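Read left to right, the sequence shown gives residues 14 to 524 (my numbering).
Note that the Cβ used here is the ideal one computed from N, Cα and C, for glycine as well.
No experiment lies behind these values; they were computed from the predicted model shown.
Only one structure is covered here, and it is reproduced in the block below.
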Amino acid sequence: MGNRFQVRDRFAEGAQFIGGRSRPGTSGRLHAVVNPATGEDIHAYELAGPADVDDAVAAAHAAFPGWAGTTPGGRSDALHRLADVLAAQADDFAYAESLQCGKPIKLSTEFDVPGTVDNAAFFAGAARRLDGASTGEYSGDHTSSVRREPIGVVGSVAPWNYPLQMAAWKILPAVAAGNTVVLKPAELTPFTSLMFARAAQEAGVPDGVINIVTGAGPDAGERLVGHPDVAMTSFTGSTAVGRRVAAIATAAVPVKRLHLELGGKAPFLVFDDADLEAAVHGAVAASLINGGQDCTAATRAYVQRPLYDAFVAGVADLMATVRLGDPFDEATDLGPLISHAHRDRVAGFVDRARGYARVVTGGESPGGDWKNGAFYRPTLITDAAQDSEIVQSEVFGPVLAVLPFDSDDEGVRLANDTPYGLAASAWSRDVYRTGRAVREIRAGCVWVNDHIPIISEMPHGGYKASGFGKDMSAYSFDEYTQLKHVMYDNTAVARKDWHRTVFGDRQHSRP
Ligand code: NAD
């Protein structure tokens with residue numbers, strides 16, 4: 014890992030990026046970003062206050078006409094250059110992402126950063142394909158066409174679990190479609206969003222098109238979400254905060270476009286003809302990726318009775334091999350959780366589960382070298398009831414609950430039995446069984462014999478309490494554009510046929 018730079022130096026001018034300029038926030042409050050692996054402060058920055066949000070929205074508002082008027086080819090060129098700048102700075106991005114999140118460097122290097130570069134390249138291409146319906150004479154007397162237009166200033170709010178990818182998912186489709194953006198990353202993880210905006214400036218994206226305000230949710234976040242000059246609110250985070258954001262956005266004047274990517278509680282459904290070894294490996298990888306702090310992580314495995322015991326034993330054995338440690342050690346599989354407070358929250362779920370379920374492995378923080386970090390061991394829980402907290406609530410940590418089921422009907426029913434509907438997987442060698450799971454599971458993504466991979470070309474988004482709207486893919490343009498129907502009269506007749514519904518009689522009849 015080459016590029017270990019001093020975060021303090023890089024953000025010495027402040028942690029706001031407004032109108033193309035870095036500056037400090039004016040809230041009067043400092044926020045220390047803590048290295049979750051050690052508990053040491055990385056850098057304290059001045060949080061954005063409402064005045065900073067107002068400035069950022071004003072900058073985005075001023076930049077909108079020029080950017081919306083840039084040709085698709087022009088926007089595409091800038092995003093291609095952005096992909097190149099991001100790729101050239103890949104080591105810096107991976108370093109900063111692992112530092113602020115504690116995620117293993119191999120995850121940042123092989124997943125977060127290349128995924129972001131690929132997203133930028135995808136939206137560079139997609140910017141030139143903002144399709145509408147075909148133009149035609151649908152009434153006979155008119156020609157109709159559809160214009161797909163940007164919405165205006167998009168106010169985006171993002172979580173801390175994949176800060177760089179979340180910034181990319183929020184910013185790229187919005188700006189590819191001609192909008193301008195003010196993004197508020199989570200206050201715990203501001204650095205890579207700021208670096209993304211600076212990379213865009215380096216790539217030639219005009220100042221004001223991408224603005225970053227790094228502030229707290231209740232003040233900077235609510236100011237942004239409710240701002241009258243923000244035409245669309247795009248939020249990714251927990252369902253609880255999403256509900257609050259929705260209430261503020263819908264109460265705001267004028268009415269806003271809303272896109273909500275919320276929590277998840279993904280089921281992992283294993284039928285009795287599944288490849289057991291594949292299912293065990295898949296469950297451990299999908300429940301522990303990013304420390305389980307992944308909205309699509311496998312959290313509830315339902316295993317058909319004949320495979321249940323072997324699956325539990327296999328998962329316990331494989332979890333025991335996961336190497337916990339320094340995020341910057343290439344051999345580390347599992348870093349700390351995002352913060353000590355979050356680690357304690359995860360531990361609280363597991364401790365309460367001890368009263369009604371069995372903790373097979375894990376369920377504790379390591380001592381020794383890692384006692385100052387926010388670490389938590391891979392945790393496997395069995396014997397929990399379907400309606401228990403550990404099965405129903407989003408834990409957002411390295412915790413997998415496994416439950417048995419008997420009939421296929423029961424398995425699919427249990428998979429659907431939480432308020433969430435973001436992602437799921439079905440494991441079987443029988444295409445009819447997986448086909449049924451694909452059709453009947455109410456979630457925005459269903460994997461078959463895998464769980465976690467995502468790609469830029471395909472949409473990501475939730476059903477039910479996991480929200481609505483899509484990130485990534487050309488489908489995201491449905492969120493970030495509005496359709497205008499344009500209807501041209503072809504008759505050149507002053508008194509048109511339809512006028513008789515308002516005055517007089519028919520003037521001419523159709524053939
Ligand atoms: P969170 O809801 O606590 O915070 C998300 C963002 O909202 C942060 O930037 C925070 O500062 C801001 N915020 C908090 N209160 C606010 C308010 N009153 N008004 C406006 N903004 C406010 O979520 P988190 O803990 O940062 O992230 C974890 C959650 O995100 C999990 O629930 C996870 O499932 C979800 N998530 C969902 C997706 C998805 O695609 N559906 C992706 C990643 C994470």
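{"query": "For VAL412, three-class secondary structure by DSSP", "result": "strand"}
{"query": "For ALA189 and GLU453, the rounded distance between their alpha carbons", "result": "34 Å"}
{"query": "Span of the alpha helix (DSSP H) around TYR108", "result": "103-114"}
{"query": "Sequence-distant residues of its chain with Cβ nearer than 8 Å to THR156 (five each side left out)", "result": "THR148, GLY149, GLU150, MET500, TYR501, ASN503"}
{"query": "C-alpha gap between TRP80 and ASN192, whole angstroms", "result": "7 Å"}
{"query": "Three-state class that DSSP yields for MET583 in the structure shown", "result": "Residue 583 cannot be examined here, being either before or after the span of the chain that is shown, 14 to 524."}
{"query": "Environment of MET471 [buried if 16+ CB atoms lie within 10 Å]", "result": "exposed"}
{"query": "Same chain only: Cβ atoms within 7 Å of ALA436, ignoring 5 sequence neighbours per side", "result": "GLY277, ALA279, THR309, ALA456, GLY457, CYS458"}
{"query": "GLY375 beta carbon less than 8 Å from that of ARG390", "result": "yes"}
{"query": "ALA171 beta carbon near the ligand ATP (any heavy atom closer than 7 Å)", "result": "This structure simply doesn't include the ligand ATP; it includes the ligand NAD instead."}
{"query": "Cβ neighbour criterion (16 or more within 10 Å) applied to GLN19", "result": "exposed"}
{"query": "Buried or exposed (CB count within 10 angstroms, at least 16 for buried), VAL506", "result": "exposed"}
{"query": "Short Cβ contact (8 Å threshold) for PHE284 with ASP419", "result": "no"}
{"query": "Unbroken beta strand (DSSP E) run spanning GLU59, endpoints", "result": "54-59"}
{"query": "CB contact flag (ALA75, GLY217, <8 Å)", "result": "no"}
{"query": "According to DSSP, residues forming a beta bridge with ARG270", "result": "MET245"}
{"query": "Contact test: CYS308 Cβ vs the ligand NAD heavy atom, cutoff 7 Å", "result": "yes"}
{"query": "Beta-bridge partners of PHE281, as assigned by DSSP", "result": "ALA314, SER438"}
{"query": "The beta strand (DSSP E) enclosing ASN224, as first and last residue numbers", "result": "223-225"}
{"query": "7 Å CB neighbourhood of ASP339 in its chain, flanking five on each side removed", "result": "ALA50, THR345"}
{"query": "Beta-bridge pairing of SER35 - partner residues as DSSP gives them", "result": "PHE30"}
{"query": "Within the segment 284-348, ranges of the beta strand (DSSP E) (whole runs, at least 3 residues)", "result": "311-317"}
{"query": "THR431 in three-state terms, based on DSSP", "result": "coil"}
{"query": "C-alpha gap between MET485 and GLY474, whole angstroms", "result": "9 Å"}
{"query": "Contact under 8 Å by Cβ, PHE135 with THR205", "result": "no"}
{"query": "Same chain, Cβ closer than 6 Å to ALA287, neighbours up to 5 away in sequence not counted", "result": "TRP440, SER441"}
{"query": "With 16 other Cβ atoms within 10 Å as the buried cut-off, status of ALA137", "result": "buried"}
{"query": "Rounded straight-line distance, which links the Cα of TYR321 to that of ARG21", "result": "51 Å"}
{"query": "Distance cut-off 7 Å: VAL226 Cβ against heavy atoms of the ligand NAD", "result": "no"}
{"query": "Bridge-paired residues (DSSP) for PHE481", "result": "LEU273"}
{"query": "Reduced DSSP secondary structure (H/G/I, E/B, other) of THR392", "result": "strand"}
{"query": "Opposing strand residues paired with GLN495 [DSSP bridges]", "result": "GLU162"}
{"query": "Runs of beta strand (DSSP E) lying entirely within the segment 43-102, each at least 3 residues, in chain order", "result": "43-47, 54-59"}
{"query": "The segment 378-389 touching the segment 427-436, judged by at least three CB pairs closer than 8 Å", "result": "no"}
{"query": "DSSP bridge partner residues for ARG371 (one or two, in chain order)", "result": "THR395"}
{"query": "Backbone CA spacing between ASP307 and ASP144 [nearest angstrom]", "result": "32 Å"}
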